[in-house]
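For the sequence shown, the residue numbers in my numbering are 14 to 150. Here a beta-carbon is modelled for each residue, glycine too, at the ideal position from N, C-alpha and C. Below is one structure, written out as structure tokens, with a few remarks after it.
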Amino acid sequence: MGASQNAAVVVGLKDGRIRRSWSKLERRQIVEETLKPGASVSLVARAHDVNANQVFKWRKQYQQGRLELDAETTLLPVKVLDGTQAVQPTAERKSGQRRSGQRRSGIIDIDLGHARVRIEGTADPECIRAALEGLIR
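Here you go:
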């Protein structure tokens, strides 16, 4: 289809007809209009110059989760510091013993400008991802 996320692509055919390709965002917005209380699929379709049968097809795709928008990739600035802050040794470190397979604990400081996150101990990657996704919204 090649449509951007917010514009319908209109293609003129040789026989004079036109074919439109609706972006996921537009299809999703049209479907969501039909889901409002008291909305008529036929009236919403007519308002957007789309066949009602097409809108019913999009509603089915919407219910199946096939009209989900791809999350935009956002790059965040990262600063890596050379020095480390002193960490209080744990009892295991004092005695020089560490169980095999045990992961080392550490500290992760994340400063997003509007929020700062400090994670101490063994960091679970899924937990970190969830925390960051929540902060960048």
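Once the 5 residues before and after residue i are set aside, which same chain residues still bring their CB inside 8 Å of it?
{"i": "I43", "result": "W35, V57, A58, H61, V63, V68 and W71"}
{"i": "V82", "result": "Sequence inspection shows Leu at residue 82; the Val mentioned does not correspond to that position. Result list for L82: Q18, K37, L38 and R41, in chain order."}
{"i": "L26", "result": "R32"}
{"i": "L80", "result": "K37, R40, R41, V44, W71 and Q74"}
{"i": "A52", "result": "E46"}
The beta strand (DSSP E) that contains residue i, what's its start and end?
{"i": "G147", "result": "From DSSP, G147 is part of no beta strand (DSSP E) but of the alpha helix (DSSP H) over P138 to L148."}
{"i": "D124", "result": "G119 to D124"}
{"i": "R33", "result": "I31 to S34"}
{"i": "V91", "result": "Looking at the DSSP string, V91 is not in any beta strand (DSSP E), and its letter there is neither H nor E."}
{"i": "G51", "result": "Note, G51: premise wrong, no beta strand (DSSP E); not H, not E."}
So residue i is in the alpha helix (DSSP H); what residue range does that whole segment cover?
{"i": "R131", "result": "Run containing R131: none in the alpha helix (DSSP H); it sits in the beta strand (DSSP E), R129 to G134."}
{"i": "V63", "result": "Counting along the chain, V63 falls outside any alpha helix (DSSP H), and DSSP gives it neither H nor E."}
{"i": "R236", "result": "Since the first and last residues shown for the chain are 14 and 150, residue 236 lies out of range."}
From this set, the options, which residue's C-alpha is nearest residue i's C-alpha?
{"i": "P90", "options": "E46, L145, V22 and E45", "result": "L145"}
{"i": "Y75", "options": "C140, T47 and G147", "result": "T47"}
{"i": "D122", "options": "K92, G51, E139 and V24", "result": "K92"}
Confirm, please, whether the CB-CB distance from residue j to residue i is below 9 Å.
{"i": "I120", "j": "R131", "result": "yes"}
Cutting at 6 Å between CB atoms, please list the residues of its own chain near residue i, excluding the five before and the five after it.
{"i": "S55", "result": "A65"}
By Cβ distance below 7 Å, which residues in the same chain neighbour residue i in space, the five residues on each side in sequence not counted?
{"i": "Q77", "result": "none"}
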